[in-house]
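Since the structure comes first, as structure tokens, the remarks are kept for the end.
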Amino acid sequence: MPPKKSIKTEKESVNDTKPLIKTEIKKEPEPTQSLNSDNLKMEKVTNCIYWFRKALRLHDNPSLLNAIEKSQYIYPIFILDPWFVQHSKVGPNRWRFLLESLNDLDEQLKRKNSRLILIRGQPKKVFTEKIKEWNINLICFESDTEPYAKKRDEEITSLANELGVRVETKYGHTLYNPEYVYKKNNGKVPLQYQSFLGILAKIGDPPKPLDELSGMFNKIEIDYDLYKVPDLESIGVDSSKCGPRLYPGGETEALRRFEEKFKNDSWVCAFEKPNTSPNSLQPSTTVLSPYLKFGCLSSKKFYWRLKQVYAKKKHSLPPVSLEGQLLFREFFYYVGSYTPNFDKIEGNTVCRQIKWDDKPEYVQAWKEARTGYPFIDAIMTQLRTEGWIHHLARHAVACFLTRGDLYCSWEKGQEVFEEYLLDQDWSLNAANWQWLSASTFFHQYFRVYSPIAFGKKTDDNGDYIRKYLPILKSFPTKYIYEPWTAPLEIQKRHNCIIGKDYPRPIVDHNIISKINISRMKKAYEETKATAAADDGEEEDGKKTKPTTSKSVKTVAKSEKTSPDSRPPSKRAKK
DNA sequence: GACTCGGTTGGATAG
DNA sequence: TCTATCCAACCGAGT
Numbered sequence: 070m071p072p073k074k075s076i077k078t079e080k081e082s083v084n085d086t087k088p089l090i091k092t093e094i095k096k097e098p099e100p101t102q103s104l105n106s107d108n109l110k111m112e113k114v115t116n117c118i119y120w121f122r123k124a125l126r127l128h129d130n131p132s133l134l135n136a137i138e139k140s141q142y143i144y145p146i147f148i149l150d151p152w153f154v155q156h157s158k159v160g161p162n163r164w165r166f167l168l169e170s171l172n173d174l175d176e177q178l179k180r181k182n183s184r185l186i187l188i189r190g191q192p193k194k195v196f197t198e199k200i201k202e203w204n205i206n207l208i209c210f211e212s213d214t215e216p217y218a219k220k221r222d223e224e225i226t227s228l229a230n231e232l233g234v235r236v237e238t239k240y241g242h243t244l245y246n247p248e249y250v251y252k253k254n255n256g257k258v259p260l261q262y263q264s265f266l267g268i269l270a271k272i273g274d275p276p277k278p279l280d281e282l283s284g285m286f287n288k289i290e291i292d293y294d295l296y297k298v299p300d301l302e303s304i305g306v307d308s309s310k311c312g313p314r315l316y317p318g319g320e321t322e323a324l325r326r327f328e329e330k331f332k333n334d335s336w337v338c339a340f341e342k343p344n345t346s347p348n349s350l351q352p353s354t355t356v357l358s359p360y361l362k363f364g365c366l367s368s369k370k371f372y373w374r375l376k377q378v379y380a381k382k383k384h385s386l387p388p389v390s391l392e393g394q395l396l397f398r399e400f401f402y403y404v405g406s407y408t409p410n411f412d413k414i415e416g417n418t419v420c421r422q423i424k425w426d427d428k429p430e431y432v433q434a435w436k437e438a439r440t441g442y443p444f445i446d447a448i449m450t451q452l453r454t455e456g457w458i459h460h461l462a463r464h465a466v467a468c469f470l471t472r473g474d475l476y477c478s479w480e481k482g483q484e485v486f487e488e489y490l491l492d493q494d495w496s497l498n499a500a501n502w503q504w505l506s507a508s509t510f511f512h513q514y515f516r517v518y519s520p521i522a523f524g525k526k527t528d529d530n531g532d533y534i535r536k537y538l539p540i541l542k543s544f545p546t547k548y549i550y551e552p553w554t555a556p557l558e559i560q561k562r563h564n565c566i567i568g569k570d571y572p573r574p575i576v577d578h579n580i581i582s583k584i585n586i587s588r589m590k591k592a593y594e595e596t597k598a599t600a601a602a603d604d605g606e607e608e609d610g611k612k613t614k615p616t617t618s619k620s621v622k623t624v625a626k627s628e629k630t631s632p633d634s635r636p637p638s639k640r641a642k643k
């Protein structure tokens, strides 16, 4: 049965529960955005589609609030695009997280006299049909900065315009709207975190989160059985491939986890990322990242709660503090929003153009936890099975895949993280891979993580390795990080022959890391030379190569910079 | 343009 | 166990 159009009778309107949510909007320093140029105050329209994509929450959702304020009846939809289901690199764990988040959203909406309408289909087709079927006057959604989303949203907006339907968007995913920061900073995009913090300091605090929604939605007449959230199998995902359900999706769980973390004020205030362990058996950080990624948790809510707690006692500071982590997210979203091809090497104007090796067998071994380095393989196993690993564990495996050991492209690592991570976030994933591969942001390529020593610092006994690589469970501690060094007798005694039951090391770290440092040095010199040549061309009035970055050009100019002449005591060291 | 400063989160070693 | 120092020497951004 097709869903009926929402027609409100006089009786119904009298019997309606409390009028919709009247929430005072906090003063926002950011301009109101609208894809439609008409920003004039208007009468409430009748029927509005609210399109959930990220921001899978009811709390602090500016665009949803806008929809509520502008319309009488709201159709809250989520579109499952079949193309996306078939072609995207989303692993089973993240699919499960998404579906759980949608089910939770449906539950939240039920409590407000509404339901989530899940539609499977190509967005353009869905909107073409539903605009007519539901007699829609307004479409609202949270604006997005990712390239694929921008393109999709432009298409829907022009379709709506053609059909005479207004589209209104608001931004709410990060603390600051990147567009606003860009304007405030005269279109400049810094490549250093501290510079970015300087910009934010001039702008001031981000907007406060909106008050909780109160009241009820006006009921719409629709057959919800036609629009249920599907299960994994019905979208072609094999649920047996999901790992343990450690981080259930959804706003409810996000808020529960959030409150739980904030019960311990002292922990929140003392938090220093480098002092948390990458290989503890229980996560040493908040694991709120998947909830921020899907917008189950508002970053503004997080930020302002931190401020509240910080006001009471002494606390850590950026970059190491929890606030610092949120601001890194801002930084990477900002650079990602204004850098062409930010998730690629080619055409990426800030990324150093390094010619990485093309060794699919190395990438595969790394992905499948077969490098022969237990610390690396344990991390990759945790990633694949549980969908979350500590930030420093990400550093260790990313360095290993790229400049440290295997010298493979960060793009390959990015793909694997895209598939496995629950918190996979376009800007953050691309930025962190560029950071760790010393392609953008970070340039001290000679600082290499050891796949042996780094893990020992926080887990000398190797309990983390024993948990994720059961084949090494009973291996002596002395050899747990370097099992190939164990005498054959010991390997036999512990039922793990290296080269048979567990791989030999894929490379010799001590040798290859030194070779790779010199390869990086050469790669840096080559990019300098390219940039210098480009500068010459520019001076001759010729066209600059598209892959040459501004930052690289700066390098060329400062090529003659003398080596660090500071006394040893002043040289970089924490 | 020359120069300085500091950079989320490296490892090994000596004291 | 903690801290300072050396290793080799990078870059962006500010003055």
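FYI, in the working numbering the residues of the first sequence are 70 to 643.
For each residue, glycine too, the CB sits at the ideal point set by N, CA and C.
Of the residues Tyr-360, Gln-513, Lys-547, the one placed nearest Leu-167, counting alpha carbons only: What you label residue 167 is simply residue 98 of the first sequence in a count that begins at 1. Cα-wise, what sits closest to Leu-167 is Tyr-360.
Rounded separation between His-156 and Ser-478 - CA only: Counted from its first residue, the first sequence places residue 156 at position 87. Counted from its first residue, the first sequence places residue 478 at position 409. Those two C-alpha atoms are separated by around 22 Å.
Sheet register partners of Arg-122 (DSSP bridge): By 1-based counting over the first sequence, the position of residue 122 is 53. Looking at the DSSP assignment, Arg-122 forms no beta bridge with any residue, so it has no partner.
Spatial distance of Phe-210 from Pro-443 (CA atoms): Here residue 210 corresponds to residue number 141 of the first sequence, with the count starting at 1. Here residue 443 corresponds to residue number 374 of the first sequence, with the count starting at 1. The alpha-carbon atoms of Phe-210 and Pro-443 are separated by roughly 45 Å.
Segments assigned alpha helix (DSSP H), at least 4 residues, entirely inside the segment 487-523: 495-505
Lys-139 versus Cys-365: straight-line alpha-carbon distance, rounded: Looking up residue 139 in the first sequence gives position 70. Looking up residue 365 in the first sequence gives position 296. The straight-line gap from Cα to Cα measures roughly 23 Å.
C-alpha distance - Leu-396 paired with Leu-127, whole-angstrom precision: The residue given as residue 396 occupies position 327 in the first sequence. The residue given as residue 127 occupies position 58 in the first sequence. Taking the straight line joining both Cα atoms gives about 23 Å.
Limits of the alpha helix (DSSP H) - the one that Glu-399 falls within: Here residue 399 corresponds to residue number 330 of the first sequence, with the count starting at 1. Per DSSP, Glu-399 belongs to the alpha helix (DSSP H) from 391-406.
Bridge partner(s) assigned by DSSP for Ser-140: The residue you call residue 140 lines up with position 71 of the first sequence. For Ser-140, which the question treats as bridged, DSSP gives the partners Val-114.
Option nearest Leu-282 by Cα separation, candidates Asn-130, Gly-482, Thr-454, Leu-538: By one-based count along the first sequence, residue 282 stands at place 213. Residue Asn-130 is the option with its Cα nearest to Leu-282.
Nearest neighbour of Glu-320, chosen from Ser-170, Thr-354, Met-589, Ala-598 [CA to CA]: For the purposes of this step, residue 320 is taken as residue 251 along the first sequence, with counting starting at 1. Answer by Cα proximity: Ser-170.
Contact the segment 222-231 vs the segment 243-261: 3+ CB pairs below 8 Å: no
Gln-422 versus Leu-452 - alpha carbon distance: In the first sequence, residue 422 corresponds to position 353, counting from 1. In the first sequence, residue 452 corresponds to position 383, counting from 1. Using only the alpha carbons, I get a separation of about 28 Å.
Cβ-based neighbour list, Ser-508, same chain, cut-off 7 Å, excluding 5 preceding and 5 following: Sequence index remark: in the first sequence, residue 508 carries index 439 (1-based). Closer than 7 Å at Cβ, skipping near neighbours: Cys-420, Arg-421, Ile-423, Trp-479.
For Pro-145, three-class secondary structure by DSSP: Locating residue 145 in the first sequence gives position 76, where the first residue counts as 1. In this structure, Pro-145 counts as strand in the three-state DSSP scheme.
Per-residue burial, Lys-619 [other beta carbons within 10 Å of its own, 16 or more giving buried]: Counting from one through the first sequence, the residue named residue 619 turns up at place 550. Confidence at Lys-619 is low in this model, with a pLDDT of 38, below 50, so the placement of that residue should be treated as unreliable; the coordinate-derived value is given next. Label assigned to Lys-619: exposed.
Exposed unless 16 or more other CB atoms sit within 10 angstroms - verdict on Lys-181: Along the first sequence, one-based indexing puts residue 181 at 112. The residue in question, Lys-181, is buried, as its Cβ has 16 or more Cβ neighbours within 10 Å.
Cross-strand partners of Arg-189 (DSSP beta bridge): Taking the first sequence and counting its residues from 1, one reaches residue 189 at position 120. Leu-149.
Spatial neighbours of Lys-199 in its chain, beta-carbon cut-off 8 Å, leaving aside the 5 residues before and after: Your numbering for residue 199 matches position 130 in the first sequence. Only Ile-118, Tyr-144, Ile-146, Ile-188, Ile-205 meet the Cβ criterion.
C-alpha gap between Pro-161 and Asp-307, whole angstroms: Locating residue 161 in the first sequence gives position 92, where the first residue counts as 1. Locating residue 307 in the first sequence gives position 238, where the first residue counts as 1. Roughly 7 Å between the two C-alpha positions.
Beta-carbon gap between Val-517 and Ser-587 smaller than 8 Å: The residue you call residue 517 lines up with position 448 of the first sequence. The residue you call residue 587 lines up with position 518 of the first sequence. It is not a contact, given that the beta carbons lie outside the stated cut-off.
Leu-350, buried or exposed, once every other Cβ within 10 Å from all chains shown has been counted against 16: In the first sequence, residue 350 corresponds to position 281, counting from 1. Looking at its Cβ environment, which holds fewer than 16 other Cβ atoms inside 10 Å, Leu-350 is exposed.
Rounded C-alpha distance that separates Thr-92 from Asp-280: To locate residue 92, count along the first sequence from 1; it is residue 23. To locate residue 280, count along the first sequence from 1; it is residue 211. Legend: pLDDT at Thr-92 = 31, less than 50; position of this residue unreliable, no value from coordinates given.
Delimiting residues of the alpha helix (DSSP H) encompassing Val-466: What you label residue 466 is simply residue 397 of the first sequence in a count that begins at 1. 460-468 is the span of the alpha helix (DSSP H), which, as asked, contains Val-466.
Given Pro-347 as reference, the closest of His-578, Gly-524, Pro-151 once Cα atoms are compared: Against the first sequence, residue 347 aligns to sequence position 278. The shortest Cα separation from Pro-347 among His-578, Gly-524, Pro-151 belongs to Gly-524.
Contact between the segment 489-496 and the segment 456-470 (3+ Cβ pairs under 8 Å): yes
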